[in-house]
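Its first residue numbered 169, the sequence shown is counted upward by one per residue in my numbering. Here a beta-carbon is modelled for each residue, glycine too, at the ideal position from N, C-alpha and C. Read the structure below first, then the notes.
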Amino acid sequence: MKFRILSLLPLIVMALAPASWGRYTPLFHLDPPGGQRGTVVEVTLSGERLSDFAEVMFYDHDIELAGHKVLDD
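Here's what the structure looks like:
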């Protein structure tokens, strides 16, 4: 019985995975790719579905978004 449940686990994970893709926004370009610590850097992002974003998640707590504007294509 335990083996049957474990054999169904990959199918369950694959069935639930598309639900987590709904918020994925692919970025095509990030310019500049880096900056000096302690300075303000203007960054340009290009990709899909960026016209109405609400927030940007950074992996470093020292980086913050001061403001943004959407440019037409």
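Next item on the list: For Thr212, write down the residues that DSSP places opposite it in a beta bridge.
Entry: Asp199
Notebook entry, point to check: Beta carbon of Leu218, beta carbon of Val224: below 7 Å?
Noted result: Result no, Cβ atoms of Leu218 and Val224 do not sit closer than 7 Å.
Item checked: Three-state class that DSSP yields for Pro194 in the structure shown -> Pro194 falls in the coil class under three-state DSSP.
Checklist line | Pick from Pro200, Gly215, Ser214 that is closest to Val208, judged by C-alpha positions | finding: From the listed residues Pro200, Gly215, Ser214, the smallest Cα separation to Val208 is found for Pro200.
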